[in-house]
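Chains as they are written, first to last, in my numbering: chain B, 18 to 371; chain Y, 18 to 371.
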């Protein structure tokens, strides 16, 4: 299978990962969730400048520890170009924050940022394009197909503009009352595994999958006594089963994959990274688990930065350490190793046919 | 004046320079001149694979010492994507190697690589576009305008695709018998100064000028006793005058500028870099002065690499040291400093209007 990649995708992937091929990426593209965090802190609707300022402070302090930074073109990128160290890759988000809910139980339907395009992202210097979709393999056919079509559409644009396509897939409860309970915890493994399988199909042109951890560790026997939040829960599975879920995700993922944090606390996230890495994940793309506590100090910018430069950096260093056993992306199927990776159709006519 | 840059140009410039804003760039985009070197070494016409192999060896050994690498899309880039460290910027050459000669005395007319485009270069991941033109300010109107139009054309494409435009200007003798004698040495300062002035005009959209050193140091009183090649010459100017030529170039250049090596030996090049840097140059973009002696060992690839990893690296480190007093690009007009550099029109509507 393809030990050859197009030039733009190959260069882009190299710029996202560290020199060893492991992804240690920071997400600061949050919009809706950051607005909510700021609203709670400020006791008012945050303004454009509030989001810009928080993103700027976080990027300035933590980008140097990332192999790549994912940001958004609305509040993030135009204000942080000079904050990105030259050896840190750039991902830009393509999707509108949030999703429309359709039907009952509600399925979710995503859309792209209006008045923004993949072409603009590439022009602005993005090394890769990120799309987040909410997805449930058992959603009604129409919303399910809408989400699949959206992925295919962005995948084709990434082929046209020759940039890596990183797809983030987030599941949601349908029959369960919420995403925090044991029912949804029980369903999570199959949701993540089936989504990984679906979006590994070549028709979507996904280069890296950004996946949820395929279990809720708060319901894992070894941690369910309140290890993370002091709340005791009944167990849904044990650690050995969770490791099997991770293995199943890796088997389903026909492209390199990374773990997202979905806002869990750092202690839980570090375990997730280690478990996923042991099963073949190539690292993480993580936001809130690393920096969310900084937001509580806003608008005291000095205090925000003080937290970031101490606790935030420490979190990042621990996450990077947890990813040290991750599988280099070029050793994950469909690839074999770095040495035999080449540019597709490299030869005397490459520049003509490219 | 513009303390604001578009996002793609700003990101691209940061990726070309080192973290301090100094350009320590390697050129390995030679085609015609490398063919000639290889022909002399091999006693036959070099084939496609010979050029590929030499470029590959040089890139593999020396790219890690560069802030950015300039290569070509024909022999270089498709074979060296995985050889570029992730913190090394990428420039791709736009011009066909060599030039057409028109009239008597011959003026020179350049063209772009057929079947290659700026759009392809950006798609393939280029952080910046480089165009080389041969130029004489006193050329006949038609060839002169042709060259100016070509620069303007590429400049406009770089605006459209939002990548830094690095323009290399190389002069040529018209009234003089060749470019090695004292007549041309005497004319060189004014040629370089006038070219810098011309292509600093905003209509060309040049972001960085790659210029010849504005004197032939072999005819500088302090070195004309054969310091570089054992050949004694009469002096055309002294070091103080040469420093004034450099100052005049810096005054003429309304954008950051770097020095090219034009294949002189490393000892001469190091002095040129130091003198130019002292006058306000922002570094160098240098090929043959650093690596040319390696080619003589081809096709003994081990010997080529042995030379590169010892003498070649030493040359590069010395060139980098010579550029340490260069002016960071963001401190050269039209810019003032890094802190006040912003993305043009950054604000709530940036992503819409970009």
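Quick reminder that beta carbons are idealized off the backbone N, C-alpha and C, glycines included.
Query: Near-chain B residues of the stretch 354-367 of chain Y (beta-carbon distance less than 7 Å), N- to C-terminal order; Result: 355, 358, 360, 363, 365 and 367
Query: Within 8 Å, strictly: CB atoms of residue 358 of chain B and residue 352 of chain B; Result: yes
Query: Cβ-based neighbour list, residue 295 of chain B, same chain, cut-off 8 Å, excluding 5 preceding and 5 following; Result: 260, 263 and 342
Query: Residue 229 of chain B versus residue 291 of chain B - alpha carbon distance; Result: 14 Å
Query: Within-8 Å CB hit, residue 147 of chain Y to chain B; Result: no
Query: CB contact check: residue 2 of chain Y to chain B, cutoff 8 Å; Result: Lying outside 18 to 371, the shown extent of chain Y, residue 2 of chain Y is not represented and no answer is given.
Query: Beta-carbon neighbours of residue 27 of chain Y, restricted to chain B and to distances below 9 Å; Result: 98, 99 and 142
Query: Local conformation of residue 303 of chain Y per DSSP, three classes; Result: strand
Query: C-beta contact flag for residue 150 of chain B and residue 175 of chain B at 8 Å; Result: no
Query: Three-way DSSP call (helix, strand, coil) for residue 172 of chain Y in this model; Result: helix
Query: Rounded separation between residue 214 of chain Y and residue 208 of chain Y - CA only; Result: 10 Å
Query: Residue 25 of chain Y, buried or exposed, once every other Cβ within 10 Å from all chains shown has been counted against 16; Result: buried
Query: Burial state of residue 189 of chain Y (16 or more Cβ within 10 Å); Result: buried
Query: Member of Y:183, Y:187, Y:234 and Y:241 whose CA lies at the smallest distance from the CA of residue 273 of chain Y; Result: Y:183
Query: Helix, strand or coil at residue 198 of chain B according to DSSP, with G and I counted as helix; Result: coil
Query: Beta-carbon proximity list for residue 203 of chain B, same chain, < 6 Å, skipping 5 on both sides; Result: 253
Query: Three-way DSSP call (helix, strand, coil) for residue 284 of chain B in this model; Result: helix
Query: Proximal residues of chain Y, C-beta to C-beta of residue 91 of chain B below 7 Å; Result: 368
Query: Within 8 Å, strictly: CB atoms of residue 89 of chain Y and residue 48 of chain Y; Result: yes
Query: Residue burial classification, residue 185 of chain Y (beta-carbon count within 10 angstroms, cutoff 16); Result: buried
Query: Within chain Y, partners of residue 95 of chain B - CB distance below 7 Å; Result: 24, 360, 363 and 367
Query: Residue 266 of chain Y vs residue 231 of chain Y beta-carbon contact at 8 Å; Result: yes
Query: contact_flag[the stretch 55-64 of chain B, the stretch 49-57 of chain Y] where n(CB pairs < 8 Å) is 3 or more; Result: no
Query: Spatial neighbours of residue 308 of chain Y in its chain, beta-carbon cut-off 7 Å, leaving aside the 5 residues before and after; Result: 75, 79, 325 and 329
Query: Residues near residue 312 of chain Y in its chain [Cβ-Cβ closer than 8 Å; skip 5 each side]; Result: 51, 54, 55, 58, 71 and 321
Query: Cβ-based neighbour list, residue 107 of chain B, same chain, cut-off 7 Å, excluding 5 preceding and 5 following; Result: 85, 86, 101, 142, 143 and 144
Query: Selection of the stretch 109-142 of chain Y by Cβ proximity to chain B, strictly under 9 Å; Result: 130, 131, 132, 133, 137, 139, 140, 141 and 142
Query: With 16 other Cβ atoms within 10 Å as the buried cut-off, status of residue 197 of chain Y; Result: exposed
Query: Which of helix, strand or coil DSSP assigns to residue 263 of chain B; Result: helix
Query: Residue-level contact to chain Y via CB, residue 52 of chain B, 8 Å cutoff; Result: no
Query: C-beta atoms of residue 304 of chain B and residue 340 of chain B nearer than 8 Å; Result: no
Query: Whole runs of the beta strand (DSSP E) within the stretch 170-249 of chain B, excluding any shorter than 3 residues; Result: 182-187 and 225-228
Query: Closest residue to residue 282 of chain B among B:298, B:315, B:314 and B:247 (Cα-Cα distance); Result: B:247
Query: Own chain, CB closer than 6 Å to residue 117 of chain B, minus 5 neighbours either side, in chain order; Result: 126
Query: Within chain B, partners of residue 41 of chain Y - CB distance below 9 Å; Result: The premise fails here: residue 41 of chain Y is roughly 12 Å from chain B at the closest Cβ pair, so nothing lies under 9 Å.
Query: Chain Y contact for residue 390 of chain B (CB, 8 Å cutoff); Result: A question about residue 390 of chain B goes unanswered here, because the residues of chain B that appear run from 18 up to 371.
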